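Just below is one structure, and these are the notes that go with it.
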Amino acid sequence: MAGSLEQGLEWAQETLGVKPQIAAEVTRFGTKSAWIKMATPTFPLAYLEIIALNPLVTHLPKGVESRWFDMDDKALRESVKPEPRLIHWVANVIDLHAAHSLFRMQQIERGQAIACTNNTAKGVQNWTLTVRPDGQRLFDGCAPSLVQWGKPNAAEPMKLHPRNVLPRSGLSLKGFEVTHPSAPKINAALTAIQMKDVVCTEGPPNLQLQLNTPKGPVVLSMNP
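Here the sequence shown is numbered in the working numbering, starting from 1 and rising by one per residue.
Quick look at the structure:
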């Protein structure tokens, strides 16, 4: 999350040496974002999203209680004013309904399945993401939200996934670490949805990315 999208774009060029692709404006939650491809064989669907409040959206639509990802939280907003930082991650699943049920069996309530769209030069992207009515990330952002790309029953649901439409950025994800005091509960949920490449270890809440960038190795963390 960035203090503003402009701040996030400048930060990406200065820190990572890459130019993000302007992506989606989601009016429902009053946010704007930019995406950077960072897929590798270990993490074939990985992309980095820089997200910020849309200053033109001062009121959320009727029936929407909160922005997603805790973005109404004043402390979180203050924390990203100096520079962007990691606040959350999202796990791609083939069957969102099934994954949502498996999380619920682990006493993790991920909320509603919200359909989103984004117009691109290659067509309309469709994805469905779990969002709680209160907008909370849960577990300090260390347990993932769930996303299913494409329309239900689409013949090629991944055709317009960011991995397939974003240009090569020179950024690659070499490692992803998750720590949290509730690691056993998070791991049980990850195992339930067969998320095999990510394991949460016990410790203070934190997300950490190890990246290869045009400027050399860079480590991004949830904590300053």
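C-beta atoms are modelled at their ideal positions from N, C-alpha and C, and glycine is treated no differently.
Source: prediction; values computed, not measured.
- DSSP places N187 in the helix class (H, G or I) of the three-state scheme.
- About 5 angstroms separates the CB atoms of T213 and L171; that is less than 8 angstroms, so the two are in contact.
- Contact between the segment 132 to 143 and the segment 152 to 166 is absent: fewer than three C-beta pairs spanning the two stretches fall below 8 angstroms.
- Residue burial is scored here from C-beta neighbours: I22 has fewer than 16 other C-beta atoms within 10 angstroms and is therefore classed as exposed.
- In this chain, the beta strand (DSSP E) harbouring S33 covers T31 to K37.
- Per DSSP, reduced to three states, the secondary structure at T58 is coil, with no helix or strand assignment.
- Per the C-alpha coordinates, the member of E202, E109, K174 and L5 positioned closest to A46 is K174.
- Unbroken beta strand (DSSP E) stretches of 3 residues or longer found wholly inside the segment 38 to 121: 47 to 53, 90 to 92 and 112 to 120, given in chain order.
- Residue burial is scored here from C-beta neighbours: K37 has at least 16 other C-beta atoms within 10 angstroms and is therefore classed as buried.
- T15 is bridged by DSSP to nothing; it lacks a bridge partner.
- Burial check for V124: the Cβ neighbour count within 10 Å stays below 16, so the residue is exposed.
- Judged by their CB atoms, L56 and L96 are not nearer to each other than the 7 angstroms cut-off.
- Here D70 is buried. Its C-beta has 16 or more other C-beta atoms within 10 Å.
- Minimum Cα-Cα distance from V26 among the listed residues K19, W68, Q7 and G8 corresponds to W68.
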